[in-house]
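Novice: In full-length UniProt numbering, the protein residues as written are 1 to 230.
I'd like to ask some things about the structure below.
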Amino acid sequence: MTRIYRCPKCGARFDPPRDLASECPSCGVWFHKFESPADAVPAPEPAMPEAVVRVEPSIFWGRAFLLVFLVLWGLQLAALDYRQAEINASFMHAILLPIHEAGHVFGMPFGEFICILGGSAFQILLPLGIGAAFLWRQRDVYGAAVCLWWAGASAVDLAPYVWDALAPQLILLGGHTGEDGPHDWIYLLSHLGVLPHAHRLGVAVHHLGVLVMAVAIGVGASWLWHRRPG
């Protein structure tokens with residue numbers, strides 16, 4: 001709608017501006033009869049949807065290569081037998097183990113339960129926190145998707161530990177099993193009263209981790225698809 005900021009006849013200025021279908025309070029002229037194009041300001045056009053921002057080809061193909069790598073690595077991790085803790089011999093486990101142990105240290109000031117939970121929680125929360133930073137601070141959906149994949153892989157890494165709580169066979173860092181030494185998930189599940197369900201929980205954690213990795217790949221692939229070179 002056209003707005004009038006200055007009377008085209010007497011020069012009076014208006015703040016706020018007046019409608020075209022009104023009169024000047026100073027001289028009484030009707031603006032629609034004396035409209036001056038220089039003084040008529042059209043209403044702003046509706047904002048157009050923001051176009052998808054293309055990325056440099058080198059960045060696009062680098063991220064595409066990384067996504068393919070994560071697909072292949074994710075398939076390998078998903079196929080590992082959580083009942084035999086096969087993931088413990090993988091490079092992923094070597095990455096996550098120090099993060100897990102750091103979580104115990106960070107949880108120490110908050111009591112025994114949080115200290116023990118902190119190891120497993122931290123290896124999930126760290127990638128989620130980094131992903132949140134990518135998303136909210138840099139609006140980097142692809143970076144957030146990679147971190148989400150990492151969180152899913154962390155859950156897959158935890159599944160054997162949860163499964164093992166019912167009938168401990170894993171050799172832990174101290175060189176013992178949960179039968180004759182501390183075991184995070186025996187402690188946690190016992191305190192929660194669900195230790196008899198450890199196997200079902202281990203299965204659930206494994207499959208949830210695989211699902212999260214798949215969702216992350218889907219998000220990353222969608223980001224790439226909408227920014228593919230023209």
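Note that CB positions come from ideal geometry on N, CA and C, so glycine has one too.
Give me, in chain order, the residues of the same chain whose beta-carbon lies closer than 7 Å to that of VAL205; leave out the 5 immediate sequence neighbours on both sides.
Specialist: Translated into positions along the sequence shown, residue 205 becomes position 205. If we look at VAL205 and ignore the five residues flanking it on each side, its Cβ neighbours are ALA155, LEU158, ALA159, VAL162.
Novice: Whole beta strand (DSSP E) runs in the segment 148–206 with 3 or more residues, listed along the chain?
Specialist: Segments of the beta strand (DSSP E) lying fully in the segment 148–206: there are none.
Novice: Return the bridge partner residues of ARG54 from the DSSP annotation.
Specialist: Working through the sequence shown from its first residue, we reach residue 54 at position 54. DSSP, once it has assigned bridges, lists no residue as partnering ARG54.
Novice: Can we say the segment 68–88 touches the segment 144–154, given the rule of at least three CB pairs closer than 8 Å?
Specialist: With three or more CB-CB distances shorter than 8 Å, the segment 68–88 counts as touching the segment 144–154.
Novice: Please state the DSSP three-state secondary structure of LEU142.
Specialist: Within the sequence shown, the letter at position 142 stands for residue 142. For the sequence presented, residue 142 should be read as Tyr rather than Leu. It is helical.
Novice: Starting from PRO17, trace the beta strand (DSSP E) both ways and give me its first and last residue.
Specialist: In the sequence shown, residue 17 corresponds to position 17, counting from 1. First-last of the beta strand (DSSP E) with PRO17: 13–19.
Novice: Per DSSP, which one or two residues make a beta bridge with ARG137?
Specialist: In the sequence shown, the residue the question calls residue 137 occupies position 137. For ARG137, which the question treats as bridged, DSSP gives no partner whatsoever.
Novice: From GLU56 to MET108, what distance separates their C-alpha atoms?
Specialist: The residue you call residue 56 lines up with position 56 of the sequence shown. The residue you call residue 108 lines up with position 108 of the sequence shown. Each residue's alpha carbon lies about 46 Å from the other.
Novice: Along the chain, where does the beta strand (DSSP E) containing ILE4 start, and where does it finish?
Specialist: Your numbering for residue 4 matches position 4 in the sequence shown. In the DSSP assignment, ILE4 falls within the beta strand (DSSP E) that extends over 3–6.
Novice: Where does VAL41 fall in DSSP's three states?
Specialist: Counting from 1 along the sequence shown, the entry for residue 41 is found at position 41. Here the model assigns VAL41 a pLDDT of 48, short of 50, so the residue's position is not dependable and the matter cannot be decided.
Novice: Kindly list the residues whose CB is nearer than 6 Å to the CB of PHE134, restricted to its own chain and excluding five residues on each side of it in sequence; keep chain order.
Specialist: What you label residue 134 is simply residue 134 of the sequence shown in a count that begins at 1. Counting only Cβ-Cβ distances below 6 Å, and skipping sequence neighbours, we find ASP140, GLY143, ALA144.
Novice: Are the beta-carbon atoms of PRO229 and PHE60 separated by less than 8 Å?
Specialist: Here residue 229 refers to the residue found at position 229 when the sequence shown is read from its first residue. Here residue 60 refers to the residue found at position 60 when the sequence shown is read from its first residue. Yes. Within cutoff.
Novice: Applying the 10 Å Cβ sphere with the 16-neighbour rule, what's the burial state of CYS27?
Specialist: The sequence position of residue 27 within the sequence shown is 27, counting from 1. Exposed, by the Cβ-count rule.
Novice: Is any beta-carbon of chain D found at less than 8 Å from that of ALA64?
Specialist: Included in the structure is just one protein chain, with no chain D present.
Novice: Should CYS10 go down as buried or exposed, given a rule of 16 or more other Cβ atoms within 10 Å for buried?
Specialist: If you number the sequence shown from 1, residue 10 lands on position 10. Counting Cβ neighbours within 10 Å, CYS10 comes out exposed, since fewer than 16 surround it.
Novice: Tell whether a beta-carbon distance below 8 Å holds between LEU195 and ALA165.
Specialist: On the sequence shown, position 195 is the one that residue 195 refers to. On the sequence shown, position 165 is the one that residue 165 refers to. Yes; because the gap between Cβ atoms is below 8 Å, this pair is in contact.
Novice: Below 8 Å between beta carbons: does that hold for GLY103 and PHE122?
Specialist: As a position in the sequence shown, residue 103 is number 103, starting the count at 1. As a position in the sequence shown, residue 122 is number 122, starting the count at 1. Cβ distance < 8 Å, so GLY103 and PHE122 count as in contact.
Novice: According to the neighbour-count rule (16 or more other Cβ atoms, all chains shown, within 10 Å of its Cβ), is SER222 buried or exposed?
Specialist: In the sequence shown, the residue the question calls residue 222 occupies position 222. SER222 is exposed by the Cβ-count criterion.
Novice: Hey, how far is the Cα of HIS32 from the Cα of ALA132?
Specialist: Residue mapping note: residue 32 aligns to position 32 of the sequence shown, counting from 1. Residue mapping note: residue 132 aligns to position 132 of the sequence shown, counting from 1. Rounded to the nearest angstrom, the two C-alpha atoms are 54 Å apart.
Novice: What first and last residue would you give for the alpha helix (DSSP H) that runs through MET108?
Specialist: If you number the sequence shown from 1, residue 108 lands on position 108. MET108 -> no alpha helix (DSSP H), and no H or E assigned at all.
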